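Peer 1:
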Amino acid sequence: MPYLSDDDKTFFRENGYLVKHDLLSEKQLHDALDVVWQNLDCDRNNPQSWIDAGPNHPRIGAEPAIRATLYESPVFPMAEELVGHGKLSSNTNPGPHFRFPTGETDWKMPTHGHLDGYYTPTNGVPKGTVGRFQVGASFYLNNVVHKGGAFTIWPGTHIQAAEYFKKHSLLTFKGGNANETFDMPDPVEITGGPGTVCFWHGQLMHTGAKNCAEEIRMALITRLTRKDNNELLFEFPEDIWANYDGIN
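Throughout the sequence shown, residue numbering follows numbering that gives the first Met the number 0, covering 0 to 247 in sequence.
1. In the DSSP assignment, what are the bridge partners of Tyr117?
2. Are Gly60 and Gly155 close, meaning C-beta to C-beta below 8 Å?
3. How far does the beta strand (DSSP E) with Thr206 in it extend, from its first residue to its last?
4. Who are Ser137's beta bridge partners in DSSP?
5. Roughly how many whole angstroms lie between the Cα atoms of His111 and Arg222?
6. So what's Pro63 in DSSP terms, helix, strand or just coil?
7. If Asn210 sits next to Gly116, beta carbons under 8 Å apart, how far is it from one beta carbon to the other, in whole angstroms?
8. Have a look at Pro46 and Leu87 and give me their C-alpha separation to the nearest angstrom.
9. Using the three-state DSSP reduction, which class does Asn55 fall into: helix, strand or coil?
10. Rounding to the nearest angstrom, what Cα-Cα distance links Glu234 and Val143 in this structure?
Pasting the structure below:
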């Protein structure tokens, strides 16, 4: 029985994202959090030590408990329902993307986002190259509230990006900054409890907000590509959903 309804797929097509809750079991959350806390420079039992702590991206993606959140949960099968069963590579790991409390109260909704896959001095993408993927998934290991560093998206910008790249080079935007080129709608802050997952189109503008809450925003993010992604990297068919067999 499929996880996603026709309405879910229509929402994803139109908005470029889809939020689902409670996709991780209590055991998966417990085991993943144990790994996380073993790799943070702060005390699990002392919230004051969480302020401006780190690291933001501990290298734990290959740990079995972290991989299980993607491959032993409904997350990967749901992504397959968008792109097509058997079409996605399983060679990627979920990467931690944490936002630690700032201890500040001055919060504003983000005004600028970015596209993934572009070089910046700190993100590990080789200069002069660009990456591309079909579906991203951002999943929370703990409760993420308003003003708590939530994953933030700009609905519909995936369609603008697809149309833009039919006529322009993928390398157009430095650091994935398309804010001055696209007609940016109001952003949407993705909040939710442990096990909340936001699926998003690989060319959706997004960012992480400032964390003015008390909790660490513990998010895992994965970028899922088709097995034939290298052949599709510079292809932008007239039908932007041509390579999304699950919803085309």
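In this text, a Cβ means the ideal position worked out from N, Cα and C, and glycines have one as well.
A quick note: this is a predicted structure, and the numbers were derived from the prediction, not measured.
Peer 2: Short version:
1. Val129
2. With contacts defined as CB atoms closer than 8 Å, Gly60 and Gly155 fail to qualify as a contacting pair.
3. That run of the beta strand (DSSP E) goes His205 to Gly207.
4. Cys197 and Ile220
5. 21 Å
6. helix
7. Contact doesn't hold; Cβ gap of about 25 Å is too wide.
8. 39 Å
9. In the three-state reduction of the DSSP assignment, Asn55 falls in the coil class, being assigned neither a helical nor a strand state.
10. 37 Å
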